[in-house]
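Reading through the structure tokens given below for one structure.
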Amino acid sequence: MTVAPTLVLAVGNPSCGDDAVGPLLADRLLAANLPGVEVLVEFQLQVEHALDLQARERVIFVDACVDAEAPYVERTVVADAGFAHTSHSLLPAQVLETYRRITGSEPPQALLFGVRAHSFELGAGLSPDTESATKAAWPRLLELCGG
Amino acid sequence: MNQPSLENAAHPEKLRRIVIEPLSRVEGHGKVTLLLDEQGHVEQARLHIVEFRAFEKFIQGRPYWEVPVMVQRLCGICPVSHNLAACNALDQVLGAVVTPTAEKMRRLMHYGQILQSHALHFFHLSSPDLLFGFDSDAARRNIVGVAEAFPEIARQGVLLRRFGQEVIRHTAGKRIHGTGSVPGGVNKNLSLAERDELLVDVEQTIAWSRDSVQIVRRLFEQNLGLYRSFATFATSTLGLVRSDGAMDLYDGGLRARDAAGHDLFDHAPYSRYWERITEDVKAWSYMKFPYFKELGAEEGWYRVGPLTRVTQCDFIPTPLAELERREFMAFDEGRAARSTLGFHWARMIEMLHAAESIRDLLHDPDLQGTDLMAKGERQPRGVGVIEAPRGTLIHHYRVDEQDQVVRANLIVSTTHNNQAMNVAIREVARRYLDGRTLTEGLLNHIEVAVRAFDPCLSCATHAVGKMPLAVELLEADGTVADSRRRG
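Going down the list, the protein sequences come from chains A and B.
Quick note: the first sequence uses the working numbering, first residue 1, plus one each step.
Quick note: the second sequence uses the working numbering, first residue 1001, plus one each step.
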């Protein structure tokens, strides 16, 4: 089975304030139906997501980011062999490292597309600042995905 | 002589304070504080929940049919458990007795959740401590270190988890926000193609799960003194059992035992759980402290989860897991089954049970049935209780005639274990930290004790940059004497 060369892994909880940024942008990408792009939405990154990277040329992690410059950041992600402690979820670099460990090969090129986020209250919508940041981020994300 | 409880220090203002915040490899917003006197003796140890999650407010006012999807957003770790507990409660609101196909589809989904959650906990979160040692080099004590030293174990952990996720995807319809289970039944069955896809890997999954039980057994054999006593204490217990006393993670009656192992109640209907259980509050934690009414707040706290379920049931209704349960119960004259680190062994036995149950269900033609939904006479209230990966999960709703949820009460697994986790860290503080120079390795003992319960202290919010671990040593006046961070 062939897979799309670009994987967008959007992460976040749609009901936790600015954490909804990832799923929201993923919905727009899904609606755009871009060729060569597969979009997956998850609450959080986990070890098995390393398996979703197989046979990809590129992965773009889309997430809310509390330490980003507004409105968004693009950071190259490389596998982090030195991560010492984690929670039930992984960071993008840790997913890449897991890929290396279980496949024995280098992961695909990876980018973190992080939208500046501020609050994460259960039941809240996007904060005004993050709503603005999301609007600014969308054209660039579309461009990155070849749209 | 009774030992001090370490819950409340007599003069906290005079003591040094150590904060572990948030706990690594424990979800979310919890912290541990230790108060030490000038000689380094521990005077107080507490596990705090520092974030208030207004679950009930989030749900109240919503139409009932939205609830099974909404509650999945309460927790990024076990959304399926919330989905199923909500559906079971709302079945009662609809007066529906679900069809065999619906019940078996839900069970299959639930076993997929149990399998993937237990695999994650053991292979990813706990195996570094267990395989390398609690105070081994922190730079190596992680999943990457496991992958280097034990590559096959690390690989199996990932593939076991993926298999569980695939079971969820095929039964819930999607990886997340699944809509497969709905009030009154399910909206899809399992196609033959989906069944055949899962059958390809199920025997391997069972074999790996069985191997995982043996890994924990060997760890006990190699470290018997430590594993027997680490953070161990006598406790009351609570969990579901089937009508014949078998383990049942999906449905059943409530069985509770006191710390001596005597029945407090058995096969009690969970639909009236509030007659047995109530909750205490303490000023220093946002998380409530449930207890058995008949024993009172001081004595009535209890433990839920894999260790309780495996030790409290009369048998496990799948053969390999039952064999392992018997071995576990007999090991070290029953001490392993009473030890806090026995959680890990019990968790792997449950993972094996889940894998066997998935295999059995995949061969059941009811999963291809087309009778998916049931109806009945509408009721104002519904209570759903399931055994989620971390323990008993209660969802309780009142729904008005306009289909709106007017009251919701949720008691999640980690809340049931609140006092038990506090007692565990006090045992560790008393035994390993008291009067000693504190190192990262010693502080990790506290985390090992908490992690045995696999708590889920927050849910689902995880944004990049939000989850470092900070350890701070504060003087009595609040100034930071020392600190370390790890992310």
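We put the beta carbon where it would ideally sit given N, CA and C, even for glycine.
As the structure is a prediction and not an experimental result, all values here were calculated from the model.
Counting only beta-carbon separations shorter than 8 angstroms, does residue 1416/B have a partner in chain A? Position 416 of the second sequence, counted from the first residue, corresponds to residue 1416/B. By the rule that beta-carbons nearer than 8 angstroms mark a contact, residue 1416/B does not touch chain A.
Output needed for residue 1408/B: all residues of its chain with C-beta closer than 6 angstroms, excluding positions within five of it in sequence on either side, in chain order. What you label residue 1408/B is simply residue 408 of the second sequence in a count that begins at 1. For residue 1408/B, where only same-chain residues beyond five positions count, the Cβ hits under 6 angstroms are 1056, 1059, 1060 and 1397.
Since residue 14/A meets chain B, which of its residues come closer than 9 angstroms, beta carbon to beta carbon? As a working note, residue 14/A is residue 14 in the first sequence. 1073 and 1177, listed in chain order.
Using a Cβ cut-off of 8 angstroms, which residues of the segment 98-131 of chain A contact any Cβ in chain B, in chain order? Of all residues in the segment 98-131 of chain A, the ones placed with a Cβ closer than 8 angstroms to any Cβ belonging to chain B are 98, 101, 102, 112, 114, 117, 120, 122 and 123, in chain order.
Taking C-beta pairs closer than 9 angstroms, name the residues in chain A that residue 1149/B reaches, listed in chain order. Along the second sequence, read from residue 1 onward, the residue named residue 1149/B stands at position 149. Think of a sphere of 9 angstroms around the beta carbon of residue 1149/B: no beta carbon from chain A falls inside it, the nearest being about 11 angstroms out.
Continuous alpha helix (DSSP H) stretch holding residue 1353/B: start and end: What you label residue 1353/B is simply residue 353 of the second sequence in a count that begins at 1. Its alpha helix (DSSP H) spans residues 1342-1362.
For residue 1284/B, count neighbouring C-beta atoms within 10 Å of its own C-beta (all shown protein chains included) and say buried if the count is 16 or more, exposed if not. Counting from one through the second sequence, the residue named residue 1284/B turns up at place 284. Using a 10 angstroms sphere on the CB of residue 1284/B, the tally of other CB atoms stays under 16, which defines it as exposed.
Distance, residue 1108/B Cα to residue 1083/B Cα: Against the second sequence, residue 1083/B aligns to sequence position 83. Against the second sequence, residue 1108/B aligns to sequence position 108. C-alpha separation (whole angstroms): 13 angstroms.
Mapping the DSSP letters down to three states, classify residue 1250/B as helix, strand or coil. Within the second sequence, residue 1250/B is the residue found at index 250, counting from 1. The answer is coil: DSSP assigns residue 1250/B none of H, G, I, E or B.
Show which residues of chain A have a CB atom less than 8 angstroms away from the CB atom of residue 1057/B. For this step, residue 1057/B is matched to residue 57 along the second sequence. Ordered by position in chain A, the residues that pass the 8 angstroms Cβ test against residue 1057/B are 123.
Thinking just about the alpha-carbon of each residue, which of 1169/B, 1223/B, 1186/B and 1208/B is nearest to the one in residue 1195/B? Locating residue 1195/B in the second sequence gives position 195, counting from the first residue. Looking at the Cα atoms, 1169/B is the closest of the given residues.
Please tell me whether residue 72/A and residue 115/A are closer than 8 angstroms, where the distance is taken between their beta carbons. As a working note, residue 72/A is residue 72 in the first sequence. As a working note, residue 115/A is residue 115 in the first sequence. For residue 72/A and residue 115/A, yes; Cβs fall inside 8 angstroms.
Start-to-end residues for the alpha helix (DSSP H) that takes in residue 23/A: To locate residue 23/A, count along the first sequence from 1; it is residue 23. Segment 21-32, the alpha helix (DSSP H) holding residue 23/A.
Counting contacts by CB-CB distance shorter than 8 angstroms, is residue 1343/B in contact with chain A? One-based indexing of the second sequence puts residue 1343/B at position 343. With 8 angstroms as the cut-off, residue 1343/B does not count as an interface residue toward chain A.
Along chain B, in chain order, which residues have C-beta atoms closer than 8 angstroms to that of residue 176/A? Coverage of chain A is limited to positions 1 through 147, which leaves residue 176/A absent and any answer about it impossible.
Between the segment 1329-1345 of chain B and the segment 1179-1196 of chain B, do at least 3 Cβ pairs fall closer than 8 angstroms? Flag = no, the segment 1329-1345 of chain B and the segment 1179-1196 of chain B do not touch.
With residue 134/A and residue 21/A assumed to form a contact (beta carbons below 8 angstroms), what rounded beta-carbon distance in angstroms separates them? Taking the first residue of the first sequence as 1, we reach residue 134/A at position 134. Taking the first residue of the first sequence as 1, we reach residue 21/A at position 21. Rounded to the nearest angstrom, the Cβ distance from residue 134/A to residue 21/A is 6 angstroms, consistent with a contact under 8 angstroms.
Could you confirm whether any beta carbon from chain A is found closer than 8 angstroms to the beta carbon of residue 1170/B? Mapped onto the second sequence, residue 1170/B falls at position 170. Chain A, which has no Cβ nearer than 8 angstroms to the Cβ of residue 1170/B, makes this no.
Quick check: is the beta carbon of residue 1430/B nearer than 8 angstroms to any beta carbon in chain A? Indexing the second sequence from 1 puts residue 1430/B at position 430. Residue 1430/B does not count as touching chain A.
Only counting the same chain, and skipping five residues up and downstream in sequence, which positions put a Cβ closer than 6 angstroms to that of residue 1267/B? Residue 1267/B sits at position 267 when you count from the first residue of the second sequence. Within the same chain, residue 1267/B has close Cβ partners 1253.
In chain A, which residues lie with their C-beta within 8 angstroms of the C-beta of residue 1076/B? Stepping through the second sequence from its first residue, residue 1076/B is reached at position 76. Contact annotation for residue 1076/B against chain A: 13, 43, 44, 88 and 89 [CB-CB distance below 8 angstroms, chain order].
Are the C-beta of residue 1054/B and some C-beta of chain A separated by less than 8 angstroms? Numbered from its first residue, the second sequence carries residue 1054/B at position 54. Yes - at least one Cβ of chain A is within 8 angstroms of the one on residue 1054/B.
Contacting positions in the segment 61-77 of chain A - beta carbon closer than 7 angstroms to chain B: Within the segment 61-77 of chain A, the residues whose Cβ lies closer than 7 angstroms to some Cβ of chain B are 63, 64, 65, 66 and 67, listed in chain order.
Considering just the uninterrupted stretch of the alpha helix (DSSP H) at residue 1311/B, what are its terminal residues? Counting from 1 along the second sequence, the entry for residue 1311/B is found at position 311. Its alpha helix (DSSP H) spans residues 1306-1312.
Quick check on DSSP: helix, strand or coil for residue 1031/B? Indexing the second sequence from 1 puts residue 1031/B at position 31. Correct three-state label for residue 1031/B: strand.
Could you check where the alpha helix (DSSP H) with residue 1168/B kicks off and where it finishes? Position 168 of the second sequence, counting from 1, holds the residue named residue 1168/B. For residue 1168/B, the enclosing alpha helix (DSSP H) covers residues 1151-1172.
Please report the residue range of the beta strand (DSSP E) in which residue 1409/B lies. Taking the second sequence and counting its residues from 1, the one referred to as residue 1409/B is at position 409. 1405-1411 is the extent of the beta strand (DSSP E) around residue 1409/B.
Neighbourhood of residue 1464/B by C-beta distance below 8 angstroms, restricted to the same chain and skipping five residues each side: In the second sequence, the residue the question calls residue 1464/B occupies position 464. With a pLDDT of 46 at residue 1464/B, under the threshold of 50, the predicted position of this residue should be treated as unreliable, though the coordinate-derived value follows. Counting only Cβ-Cβ distances below 8 angstroms, and skipping sequence neighbours, we find nothing.
Going by CA-CA distance only, name the one from 1126/B, 1065/B and 1379/B that's closest to residue 1094/B. Working through the second sequence from its first residue, we reach residue 1094/B at position 94. Looking at the Cα atoms, 1379/B is the closest of the given residues.
Alpha carbon to alpha carbon, how far is residue 1121/B from residue 1236/B? Residue numbering aside, residue 1121/B sits at position 121 when the second sequence is read from its first letter. Residue numbering aside, residue 1236/B sits at position 236 when the second sequence is read from its first letter. Taking C-alpha positions only, residue 1121/B is separated from residue 1236/B by approximately 24 angstroms.
Between residue 10/A and chain B, is there a C-beta pair that is closer than 8 angstroms? Reading the first sequence from its first residue, position 10 is the one you call residue 10/A. Not closer than 8 angstroms to any Cβ of chain B, the Cβ of residue 10/A fails to qualify, so no.
Using the C-alpha atoms, what's the distance from residue 95/A back to residue 50/A? Residue numbering aside, residue 50/A sits at position 50 when the first sequence is read from its first letter. Residue numbering aside, residue 95/A sits at position 95 when the first sequence is read from its first letter. Looking at the two C-alpha atoms, the distance is approximately 5 angstroms.
Are the C-beta atoms of residue 140/A and some chain B residue less than 8 angstroms apart? If you number the first sequence from 1, residue 140/A lands on position 140. Not an interface residue.
How about residue 991/B: is its C-beta nearer than 8 angstroms to some C-beta of chain A? Outside the shown range of chain B, which is 1001 to 1487, sits residue 991/B, and nothing can be said about it.
Any idea which residues DSSP pairs residue 1113/B with across the strands? Indexing the second sequence from 1 puts residue 1113/B at position 113. In the DSSP output, where bridge partners are listed per residue, residue 1113/B has none listed.
Start and end of the alpha helix (DSSP H) containing residue 1445/B? Along the second sequence, read from residue 1 onward, the residue named residue 1445/B stands at position 445. Its alpha helix (DSSP H) spans residues 1440-1452.
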